[in-house]
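Novice: Those sequence lines, one after another, are chains A and B. Start counting the first sequence at 2; every next residue gets the next number (my numbering). Start counting the second sequence at 2; every next residue gets the next number (my numbering). After the structure tokens below, expect a handful of questions from me.
Number of protein chains: 2
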Amino acid sequence: MPIKSLTKDLDRIAQPTMADIVEIRLREFLKKKAFKPGDPLPKELDLAESLGVSRNVVREALSRLRMLGMVSTKKKVGMILTRPDVLGSFERVLDPLIIDQSTLQDLFELRLTLEMGLADLLYLRKTKQGIDELEKIAKTQKVTGERHTFRIKNEIAFHGKLYQLTGNETLQRFQNMLLPVFGYIVKLEKRLLIGKVSHLELVHLLRNGSKEDFRQGMLAHLQHHFDQLK
Amino acid sequence: MPIKSLTKDLDRIAQPTMADIVEIRLREFLKKKAFKPGDPLPKELDLAESLGVSRNVVREALSRLRMLGMVSTKKKVGMILTRPDVLGSFERVLDPLIIDQSTLQDLFELRLTLEMGLADLLYLRKTKQGIDELEKIAKTQKVTGERHTFRIKNEIAFHGKLYQLTGNETLQRFQNMLLPVFGYIVKLEKRLLIGKVSHLELVHLLRNGSKEDFRQGMLAHLQHHFDQLK
DNA sequence: ATATTTGTTATGTAGTACATAAGTACTAAA
DNA sequence: TTTAGTACTTATGTACTACATAACAAATAT
Numbered sequence: 002m003p004i005k006s007l008t009k010d011l012d013r014i015a016q017p018t019m020a021d022i023v024e025i026r027l028r029e030f031l032k033k034k035a036f037k038p039g040d041p042l043p044k045e046l047d048l049a050e051s052l053g054v055s056r057n058v059v060r061e062a063l064s065r066l067r068m069l070g071m072v073s074t075k076k077k078v079g080m081i082l083t084r085p086d087v088l089g090s091f092e093r094v095l096d097p098l099i100i101d102q103s104t105l106q107d108l109f110e111l112r113l114t115l116e117m118g119l120a121d122l123l124y125l126r127k128t129k130q131g132i133d134e135l136e137k138i139a140k141t142q143k144v145t146g147e148r149h150t151f152r153i154k155n156e157i158a159f160h161g162k163l164y165q166l167t168g169n170e171t172l173q174r175f176q177n178m179l180l181p182v183f184g185y186i187v188k189l190e191k192r193l194l195i196g197k198v199s200h201l202e203l204v205h206l207l208r209n210g211s212k213e214d215f216r217q218g219m220l221a222h223l224q225h226h227f228d229q230l231k
Numbered sequence: 002m003p004i005k006s007l008t009k010d011l012d013r014i015a016q017p018t019m020a021d022i023v024e025i026r027l028r029e030f031l032k033k034k035a036f037k038p039g040d041p042l043p044k045e046l047d048l049a050e051s052l053g054v055s056r057n058v059v060r061e062a063l064s065r066l067r068m069l070g071m072v073s074t075k076k077k078v079g080m081i082l083t084r085p086d087v088l089g090s091f092e093r094v095l096d097p098l099i100i101d102q103s104t105l106q107d108l109f110e111l112r113l114t115l116e117m118g119l120a121d122l123l124y125l126r127k128t129k130q131g132i133d134e135l136e137k138i139a140k141t142q143k144v145t146g147e148r149h150t151f152r153i154k155n156e157i158a159f160h161g162k163l164y165q166l167t168g169n170e171t172l173q174r175f176q177n178m179l180l181p182v183f184g185y186i187v188k189l190e191k192r193l194l195i196g197k198v199s200h201l202e203l204v205h206l207l208r209n210g211s212k213e214d215f216r217q218g219m220l221a222h223l224q225h226h227f228d229q230l231k
């Protein structure tokens, strides 16, 4: 095999830069010292000197940690350790346009998996008031002949509310982030949004049916998505 | 209310730095121009000049994108857009020690939700060979009186294999990342790892039972975790 | 035609300089 | 003595310069 075609497929090993190394070293440092949120960190120049690199490099590494919300800085005061937003970093790269097809498909399935697993949390935490609010959303969709964009908005609102009923804020945010992916796949495959079981029927099941009833309803609601899977 | 106690709870609004702004501008730029993976990006100095900031600031912003895997650079050649690893960024902040308790709890529930939703994908993709391999793992656990660390390792192996059977690599990686969180919570609450339904029974259900059988088995397996939820 | 050398260029790193914000200590006035 | 105001100090934020290094390109030699 000629070298030319090899270099096309095999990327040269990217050697880590100083900033990469410093980032890792800083992470280790934070872990080792068991810093807690709010704890002050050494100042940039001290870090640079200790690590034997320029302040520039330290700042590039710190810039990354700042982006993730792991540290925050104030002039004069210095840096303190902060709690990162676990989903914030995820959000930054969740763009359907730059994610490869197979990962998009994986994320699509992940959301379906979540949806099918919701029942247990829902039946643990559902309240009459919550179901009423969910029903309200479902009812606004009942009118036939709605415009497509509205249907999508309503679809998002309904499922968003459903996740909200689980009382799990992270879960709710997570599914919200997956929405663009979901929308992208559905649009790509020109699928119909409307399942065999309507939102209103799901609400009814959630209010009056058993956990298994609801899960079966959800499966029917999503069946045309599952049908596409291989 | 005195100001002193206010400043304790309310952090001063952190004004964005140039690096923050440039990061956003670069993201917008990439999106607007519809760059695809592999496309070359302008060089640092050009970016700096266009944005009216120093090369330093541009590099701090680029360092962030590099960390996320959105761009990669080679000397002389310049920068190209690359596909970020969607879970890579997530991994960076998923440290049980710095995540607050309520988010940890949310992630714990998220994993339970996934686990309960696995059945549909599993029954779509399970193979005899896969189940055989799963059984092999389950059998190594059968010996009673195993040491605790081994039990945990086996638990991880079993559920990891289970996710692998879904054929969804992202899902598998995702659950793998959630493991430390799961372990942390379980350890924290001094729960028993052993559920009412053993791994071997789950394998049996997966092989011979219906989808609903398996899901009920999984619920029983995880019941003592669900019992802790409020 | 192939191998070697040389030149060019964009990134990687170091270092200096200064603006800015935010504490701290000191001074002056009530 | 207390309070208000001022000057000082310091760590981060930003800009700029300089040079090393890797990788490509072109020119030259074999």
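Every residue gets a Cβ at the ideal spot worked out from N, C-alpha and C, and that includes glycine.
Give the secondary structure of residue 181 of chain B by DSSP, where H, G and I count as helix, E and B as strand, and everything else as coil.
Specialist: In the second sequence, the residue the question calls residue 181 of chain B occupies position 180. Here residue 181 of chain B sits in helix by DSSP.
Novice: Would residue 41 of chain B pass as an interface residue toward chain A - the criterion being a Cβ-Cβ separation below 7 Å?
Specialist: For the purposes of this step, residue 41 of chain B is taken as residue 40 along the second sequence, with counting starting at 1. No, residue 41 of chain B does not count as interfacial toward chain A.
Novice: For residue 93 of chain A, which residues in chain B fall below 7 Å Cβ to Cβ?
Specialist: The count along the first sequence starts at 1 and reaches residue 93 of chain A at position 92. The answer, in chain order, is 69, 90.
Novice: Output, in chain order, the set of chain B residues within a Cβ distance shorter than 7 Å of residue 215 of chain A.
Specialist: Position 214 of the first sequence, counted from the start, is the residue given in the question as residue 215 of chain A. In chain order: nothing, as chain B lies at least about 12 Å away.
Novice: Quick check on DSSP: helix, strand or coil for residue 206 of chain A?
Specialist: Counting from 1 along the first sequence, the entry for residue 206 of chain A is found at position 205. Helix at residue 206 of chain A.
Novice: I think residue 52 of chain B touches residue 26 of chain B, with their Cβ atoms under 8 Å apart; what is that distance to the nearest whole Å?
Specialist: Walking along the second sequence from the start, residue 52 of chain B turns up at place 51. Walking along the second sequence from the start, residue 26 of chain B turns up at place 25. That pair is a contact at about 6 Å.
Novice: Taking residue 179 of chain A as the query, report the chain B residues whose CB atoms sit under 9 Å from its CB, ordered along the chain.
Specialist: Residue mapping note: residue 179 of chain A aligns to position 178 of the first sequence, counting from 1. Ordered by position in chain B, no residue passes the 9 Å Cβ test against residue 179 of chain A, which lies about 11 Å from the chain.
Novice: Would you identify the three-state DSSP class for residue 5 of chain A, choosing helix, strand or coil?
Specialist: What you label residue 5 of chain A is simply residue 4 of the first sequence in a count that begins at 1. With a pLDDT of only 37 at residue 5 of chain A, under the threshold of 50, the placement of this residue in the model should not be trusted; the figure read from the coordinates follows. Note: residue 5 of chain A maps to helix in three-state DSSP.
Novice: Identify which residue in B/40, B/173, B/61 has its Cα closest to the Cα of residue 49 of chain B.
Specialist: Position 48 of the second sequence, counting from 1, holds the residue named residue 49 of chain B. Ranking the options by Cα distance to residue 49 of chain B, first place goes to B/61.
Novice: In three-state terms, what does DSSP make of residue 103 of chain B?
Specialist: Within the second sequence, residue 103 of chain B is the residue found at index 102, counting from 1. Three-state DSSP puts residue 103 of chain B in a helix.
Novice: Report yes or no: do the region 149 to 161 of chain A and the region 214 to 229 of chain A share at least 3 C-beta pairs separated by less than 8 Å?
Specialist: no
Novice: Among A/128, A/38, A/72, which has the Cα closest to the Cα of residue 208 of chain A?
Specialist: The residue given as residue 208 of chain A occupies position 207 in the first sequence. Nearest C-alpha to residue 208 of chain A: A/128.
Novice: Who are the near neighbours of residue 173 of chain B in its chain, counting only those whose CB is closer than 6 Å to its CB and skipping five residues on each side?
Specialist: The residue given as residue 173 of chain B occupies position 172 in the second sequence. Setting aside the 5 residues that flank it on each side, residue 173 of chain B is surrounded in the same chain by 164, 165, each with a C-beta closer than 6 Å to its C-beta; the list follows chain order.
Novice: Out of B/118, B/69, B/105, which one is the CA nearest neighbour of residue 170 of chain A?
Specialist: Taking the first sequence and counting its residues from 1, the one referred to as residue 170 of chain A is at position 169. Of the listed residues, the one whose Cα sits closest to residue 170 of chain A is B/105.
Novice: Excluding the 5 residues flanking residue 191 of chain A on each side, which residues of the same chain have their C-beta closer than 8 Å to its C-beta?
Specialist: The residue labelled residue 191 of chain A in the question sits at position 190 within the first sequence. No residues qualify anywhere along the chain.
Novice: Excluding five sequence neighbours on each side, which residues of the same chain lie with their C-beta closer than 6 Å to the C-beta of residue 95 of chain B?
Specialist: One-based indexing of the second sequence puts residue 95 of chain B at position 94. 178, listed in sequence order.
Novice: If you pair each beta-carbon of the region 105 to 121 of chain B with each one of the region 118 to 132 of chain A, do three or more pairs fall below 8 Å?
Specialist: Under the Cβ criterion (8 Å, minimum of three pairs), the region 105 to 121 of chain B counts as touching the region 118 to 132 of chain A.
Novice: Which one or two residues does DSSP pair with residue 80 of chain A in a beta bridge?
Specialist: The residue you call residue 80 of chain A lines up with position 79 of the first sequence. According to DSSP, which records beta bridges pairwise, residue 80 of chain A is partnered with A/42, A/74.
Novice: Counting along the chain, where does the alpha helix (DSSP H) carrying residue 131 of chain B start and finish?
Specialist: Residue numbering aside, residue 131 of chain B sits at position 130 when the second sequence is read from its first letter. 129 to 140 is the span of the alpha helix (DSSP H), which, as asked, contains residue 131 of chain B.
Novice: What's the gap between the Cα of residue 88 of chain B and the Cα of residue 176 of chain B?
Specialist: Residue mapping note: residue 88 of chain B aligns to position 87 of the second sequence, counting from 1. Residue mapping note: residue 176 of chain B aligns to position 175 of the second sequence, counting from 1. Each residue's alpha carbon lies about 11 Å from the other.
Novice: Using only the alpha-carbon positions, how far apart do residue 21 of chain A and residue 68 of chain B sit?
Specialist: Within the first sequence, numbered from 1, the residue matching residue 21 of chain A stands at position 20. Within the second sequence, numbered from 1, the residue matching residue 68 of chain B stands at position 67. Approximately 8 Å, taken between the alpha carbons.
Novice: Have a look at residue 66 of chain A and residue 188 of chain A and give me their C-alpha separation to the nearest angstrom.
Specialist: Residue numbering aside, residue 66 of chain A sits at position 65 when the first sequence is read from its first letter. Residue numbering aside, residue 188 of chain A sits at position 187 when the first sequence is read from its first letter. For residue 66 of chain A and residue 188 of chain A, the distance between alpha carbons rounds to 36 Å.
Novice: Would residue 155 of chain B pass as an interface residue toward chain A - the criterion being a Cβ-Cβ separation below 7 Å?
Specialist: Mapped onto the second sequence, residue 155 of chain B falls at position 154. Cβ-Cβ to chain A under 7 Å: no for residue 155 of chain B.
Novice: Given a cut-off of 7 Å, decide if residue 167 of chain B and residue 122 of chain B are closer than it, judged by their beta-carbon atoms.
Specialist: Translated into the one-based positions of the second sequence, residue 122 of chain B becomes position 121. Translated into the one-based positions of the second sequence, residue 167 of chain B becomes position 166. Yes.
Novice: Which residues, in chain order, does the region 110 to 136 of chain B contribute to contact with chain A at a C-beta distance below 9 Å?
Specialist: Residues 110, 111, 113, 114, 115, 116, 117, 118, 119, 120, 121, 122, 125, 126.
Novice: I want to verify the contact list: residues of chain A whose CB lies under 8 Å from the CB of residue 87 of chain B, in sequence order.
Specialist: The residue given as residue 87 of chain B occupies position 86 in the second sequence. Within 8 Å Cβ-Cβ: 91, 94, 95, 100, 104, 108.
Novice: What residues in its chain sit with their C-beta under 7 Å from that of residue 3 of chain A, if we drop five residues either side in the sequence?
Specialist: Within the first sequence, residue 3 of chain A is the residue found at index 2, counting from 1. Legend: pLDDT at residue 3 of chain A = 39, less than 50; position of this residue unreliable, value from coordinates given subsequently. The beta carbon of residue 3 of chain A is closer than 7 Å to none in its chain, skipping five residues each way along the sequence.
Novice: Could one say the Cβ of residue 221 of chain A lies closer than 7 Å to chain B's Cβ atoms, at least one of them?
Specialist: On the first sequence, residue 221 of chain A is found 220 positions in, with the first residue counted as 1. Not one beta carbon of chain B lies nearer than 7 Å to the beta carbon of residue 221 of chain A.
Novice: Quick check: is the beta carbon of residue 150 of chain B nearer than 7 Å to any beta carbon in chain A?
Specialist: On the second sequence, residue 150 of chain B is found 149 positions in, with the first residue counted as 1. Answer no: the Cβ-Cβ gap between residue 150 of chain B and chain A never drops below 7 Å.
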